[in-house]
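If you read the sequence shown in UniProt numbering, its first letter stands for residue 1, the second for the next number, and so on.
Glycine included, every Cβ here is placed at the ideal spot set by N, Cα and C.
As the structure is a prediction and not an experimental result, all values here were calculated from the model.
Single-structure report; data block below.
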Amino acid sequence: MVMEEESDCDSSDDSDMTGEPDSVDPEWFPPEDIEEEDDYMEELLPGASPQHQKYVVDEERLLNLFTIYLQKKLAKLAGLKKFALVAEWMRSILYHLYWCAATSEGDADMLEARWKSMCNHIANIHVHENPLFAKCKHGPIKRKWFEPGTEVYEKLTDILLSKRFMKSVRKLSPDSQTSSLEGYHATIIYFAPKMYHFGYATMISRLQLAALHFNENGGRDQAKGKHGVLQFNIAYPKYKKMDGYSLKRVLTKCTFGYVRELQTELYQMVRTGTTFEPEKAPPPLSSLYQHPSKQEVIEQHKELHRYKEKMDKRLT
């Protein structure tokens, strides 16, 4: 593990943006006129800071792993009384997006064909024009369908098939969400909170512990009850305005096998008398700066203060 110190970052958001290009290969280029629609980036990167969204536009790059959020536009459409049927279909449409990403194996043409089939499916049409996905795979379904040619159907399909959205869909990752990466970042913050300052050796140790903990617990299975039933919890996130809730899996408890391995390794080192030279910490960034005496800084401050007083008197 290599830890570098950078002085080019003014905030934690800046440091995140500085590190991201070195760790992920961005493969998606936004439309040329993307800056004309500010909320587009909010849909692609829900929860991202304005700095991150501006960075994506300015650099014309986006992580291959990203979240496409239809819910905002669908909820806005469903909020109109005459389009209430959209609310009943909203969850199914979002799940269909995830299904398309998870089952297309990185084939952009297949992903697009499966996504476009939704426009037929919501109208109770389950045979499609594209041979890559010629027929729906589900059985008989009983629910309210949209009528092709109606205002609500046209407005909904305009959202689902918009040119901007279709360009994004073709680059959708099979993982469909950045939750794993976000989980790793959260683990780092747990072991090395941003609100505290740590020395070089301490920071290295905490980052290594975070990596060990995430590697052991990042892929935990879903917990089961007494009779082998998978466990779920219902969450009520603030951004859920229409449905109001989310179903989340309950995972098995964290394990700490890496702690036992570290203890065993330490015991072996003590027993065999093995020693290592401590890694030399690089000089602090402040060592590159000029270091005037305190008296010089005080005199400069007084001189500036006297100059400001003279300017204020002239202006008055």
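- Our two residues, residue 92 and residue 230, have alpha carbons roughly 22 Å apart in a direct line.
- Of the residues 261, 153, 255 and 107, the one whose Cα lies closest to the Cα of residue 84 is 153.
- For residue 91, the enclosing alpha helix (DSSP H) begins and ends at 85 to 103.
- When rounded, the separation of the alpha-carbon atoms in residue 145 and residue 135 is 17 Å.
- In the DSSP assignment, no residue is bridged to residue 298.
- Excluding sequence positions up to five before and after residue 157, its CB lies within less than 7 Å of the CB of 119, all in the same chain and listed in chain order.
- Taking 4 residues as the shortest admissible run, the region 107 to 158 contains the following complete alpha helix (DSSP H) segments, listed from N- to C-terminal end: 108 to 121.
- Counting along the chain, the unbroken beta strand (DSSP E) around residue 235 starts and ends at 232 to 235.
- Shown here for residue 150: not one same chain residue has a beta carbon closer than 7 Å to its own, the five before and five after excluded.
- The alpha carbon of residue 115 has as its nearest neighbour, out of 299, 301, 250 and 170, the alpha carbon of 170.
- For residue 94, same chain residues with a beta-carbon under 7 Å away, outside a window of 5 residues either side, are 70 and 71 in chain order.
- The alpha-carbon of residue 98 is positioned some 55 Å away from that of residue 290.
- Counting along the chain, residue 288 sits inside no beta strand (DSSP E), nor does DSSP assign it H or E at all.
- A residue is called buried once 16 or more other Cβ atoms fall within 10 Å of its Cβ, and residue 293, having fewer, is exposed.
- The beta carbon of residue 109 sits closer than 7 Å to those of 132, all from its chain and outside the five residues before and after it, given in chain order.
- Within the model, the alpha-carbon separation for residue 197 versus residue 281 is close to 15 Å.
- Secondary structure note for residue 248: its beta strand (DSSP E) is the uninterrupted segment 246 to 249.
- Taking a C-beta distance under 8 Å as the contact criterion, residue 222 and residue 250 qualify as a contact pair.
- The continuous alpha helix (DSSP H) containing residue 270 extends over residues 257 to 272.
- Burial state of residue 266 is exposed, judged by a 10 Å Cβ sphere holding fewer than 16 other Cβ atoms.
- Burial is judged here by how many other beta carbons sit within 10 angstroms of a residue's own beta carbon; residue 103 has fewer than 16 and is exposed.
- Counted as a single uninterrupted DSSP element, the alpha helix (DSSP H) harbouring residue 71 occupies residues 71 to 78.
- Around the beta carbon of residue 213, 16 or more other beta carbons lie within 10 angstroms, which makes this residue buried.
- Cβ-Cβ distances below 7 Å link residue 287 to nothing in the same chain once the five nearest sequence neighbours on each side are left out.
- Rounded to whole angstroms, residue 270 and residue 205 show a C-alpha spacing of 19 Å.
- Pairing residue 124 with residue 113 gives a Cβ-Cβ distance that is not under 8 Å.
- By the Cβ neighbour-count rule, residue 96 is buried, with 16 or more other Cβ atoms within 10 Å of its own.
- Comparing C-alpha distances from residue 137 to each of 107, 117, 278 and 314 shows the shortest one belongs to 117.
- The beta carbon of residue 232 sits closer than 8 Å to the beta carbons of 247, 248, 249 and 250 from its chain, once the five residues preceding and following it are set aside; these are given in chain order.
- Counting along the chain, residue 170 sits inside no alpha helix (DSSP H), nor does DSSP assign it H or E at all.
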